[in-house]
Amino acid sequence: MGPRRSFYLYDWANSAFATTTLAVVYQTYFVSIVPEGGAVVGGARLAGDALWTLAYGLSVAVAVCAMPVIGAAADAAGRKRVGLAIFCALGGVASAAMALVLPGRHWLGALLLMAGNVGFAGGNALYNAFLPAVSPPGRMDEVSARGFAAGYLGGGALLALHLGLILGHDSLGLSQVDATRLACGSVGVWWLGFGLLAVRGLPAETSAPGWSRAAALGDAVSRLRATLRELRARPTQLLLVAAIMLYQNGVQTVIVVAALVGQEVLDMPRSALIGSVLLIQAVGVAGSWLMGSAARRLGTKPVIMSAVAIWTALTTYAALGMRTQLEFWVLAAVVGLVLGGTQALSRSLFATVVPRGRDGEFFGFYALCDKLSAVAGPLAYAAARQLTGSIRLAALSLVVFFVAGLLLLWRTPVLPVAADAAPRAGT
Numbered sequence: 025m026g027p028r029r030s031f032y033l034y035d036w037a038n039s040a041f042a043t044t045t046l047a048v049v050y051q052t053y054f055v056s057i058v059p060e061g062g063a064v065v066g067g068a069r070l071a072g073d074a075l076w077t078l079a080y081g082l083s084v085a086v087a088v089c090a091m092p093v094i095g096a097a098a099d100a101a102g103r104k105r106v107g108l109a110i111f112c113a114l115g116g117v118a119s120a121a122m123a124l125v126l127p128g129r130h131w132l133g134a135l136l137l138m139a140g141n142v143g144f145a146g147g148n149a150l151y152n153a154f155l156p157a158v159s160p161p162g163r164m165d166e167v168s169a170r171g172f173a174a175g176y177l178g179g180g181a182l183l184a185l186h187l188g189l190i191l192g193h194d195s196l197g198l199s200q201v202d203a204t205r206l207a208c209g210s211v212g213v214w215w216l217g218f219g220l221l222a223v224r225g226l227p228a229e230t231s232a233p234g235w236s237r238a239a240a241l242g243d244a245v246s247r248l249r250a251t252l253r254e255l256r257a258r259p260t261q262l263l264l265v266a267a268i269m270l271y272q273n274g275v276q277t278v279i280v281v282a283a284l285v286g287q288e289v290l291d292m293p294r295s296a297l298i299g300s301v302l303l304i305q306a307v308g309v310a311g312s313w314l315m316g317s318a319a320r321r322l323g324t325k326p327v328i329m330s331a332v333a334i335w336t337a338l339t340t341y342a343a344l345g346m347r348t349q350l351e352f353w354v355l356a357a358v359v360g361l362v363l364g365g366t367q368a369l370s371r372s373l374f375a376t377v378v379p380r381g382r383d384g385e386f387f388g389f390y391a392l393c394d395k396l397s398a399v400a401g402p403l404a405y406a407a408a409r410q411l412t413g414s415i416r417l418a419a420l421s422l423v424v425f426f427v428a429g430l431l432l433l434w435r436t437p438v439l440p441v442a443a444d445a446a447p448r449a450g451t
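In my numbering, the protein residues as written are 25 to 451.
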């Protein structure tokens, strides 16, 4: 299998964690197994959803602190592929072990969530850094979009199988709990099987003469400092990262709270909400391809700006105008249309300003910013919800992120610094 197809395959492999584990099946199962009185943490009792949020937030914090150094160390040692295999193994084993989480074992479930998410986030940082290496000249947008499309296909396919397993548990002689545990554990088998196969096909690197772990770590810290100094000296790159962070705050928060809005505002049943996730996955495949094709003809930046404008419009309508479940389904389809393309093209746009030979280092910083946006947006939504007491007004607050990101991206010229790099390996 060639490097480019291996790149697509890894997204196919690990996206099951995003859909089954983080978005739907494991999340709802975990909340249900926490005792009714809550779990005691630091003298306080936390309900199931609060414990889930705390465990997820801690794992994000660990990943945020580690990813820039990990990326720089992988560049220094020539070991991005080895690092990706390690994170794949960590996330896959933790996910497989989720089959052992029985009712009452919420602490084990929380620890496995944290380990799995660190593997997911850390692996993505190194995986993204392979994008320039597997993309033929002038086709980085297309390759990035196809990677996201493969992820939607893989995550959606396994989620559909899981829903069939859970809904048909009686005919299989399983309890609903056992069927759910089996679904959660199978994510790890899927991730390990496809993920490690994908890693084998990615471009190999060689270690520098005299390489050692201690030397690589020291060099990583030095290179990370150099990255921060260089970003301060390159205001265009810094502004581009800031623009992406702003609108990604809105994107990440819409993903997190969409089901909550449907449930509390429109009283939608859980089956319908899960169906909407599958719709987003299905439409996301076509959306990634369409936006990737549009970027080749019109340019990456204009297409991203158009997508952010669509995000602004659909968020405003969801907050102020949505009244029926049919409208929710239509908006979910629009989300699927622009979700994958926005993320894929943002990744490839950033890749154009990454200096040659420092992909892991700069993508580690990119991953840090991406994860920060996964924290700041939900916190802003929660604050607006607490202050206004309205889910609709809290959702409307996300428009600020989209508008600010759109304006900053419009004002930021994109000046590729890797255009004179040596040809990258592809298939």
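Glycine included, every Cβ here is placed at the ideal spot set by N, Cα and C.
| Query | Result |
| --- | --- |
| Beta-carbon proximity check, Ala37 vs Gly179, cutoff 7 Å | no |
| Spatial distance of Pro447 from Arg320 (CA atoms) | Note that Pro447 scores a pLDDT of 34, beneath 50, so its modelled location is shaky; the value from the coordinates is reported in the next line. Their backbone Cα atoms lie some 19 Å apart in a straight line. |
| CA-to-CA distance, Thr340 to Val423, given in whole angstroms | 7 Å |
| Sub-7 Å separation of Gly365 and Gly311 beta-carbons | yes |
| Burial state of Ser159, where buried means 16 or more other Cβ atoms lie within 10 Å | buried |
| Contact under 7 Å by Cβ, Phe5 with Phe31 | This structure gives no information on residue 5, because the portion of the chain shown stretches from 25 to 451. |
| Contact set for Ala207: own chain, Cβ-Cβ below 7 Å, skip 5 residues either direction | Thr44, Val49, His186, Leu189, Ile190 |
| Check: Ser414 C-beta below 6 Å from any heavy atom of the ligand SAM | This structure does not include the ligand SAM; it has no bound ligands of any sort. |
| 6 Å Cβ shell around Leu226 - same chain, five flanking residues per side excluded | Pro27, Ser30, Arg105, Phe154 |
| Beta-ladder partner(s) of Ala68, from DSSP | Val65 |
| Distance between Gln305 and Leu46 (C-alpha atoms, nearest Å) | 14 Å |
| Member of Val289, Ile328, Ala228 whose CA lies at the smallest distance from the CA of Gln272 | Ile328 |
| Per-residue DSSP class, three states only, for Glu351 | helix |
| DSSP state of Ala442 mapped onto helix, strand, coil | Low confidence applies here, because Ala442 scores a pLDDT of 44, under 50, leaving its location unreliable; read the following figure in that light. In the structure shown, Ala442 sits in coil (DSSP, three-state: anything other than H, G, I, E or B). |
| Buried or exposed (CB count within 10 angstroms, at least 16 for buried), Asp35 | buried |
| Cβ of Pro437 within 7 Å of any chain D Cβ | Absent from the structure is chain D; it holds one protein chain and no more. |
| Which of helix, strand or coil DSSP assigns to Phe154 | coil |
| Buried or exposed (CB count within 10 angstroms, at least 16 for buried), Glu60 | exposed |
| Three-state class that DSSP yields for Arg163 in the structure shown | coil |
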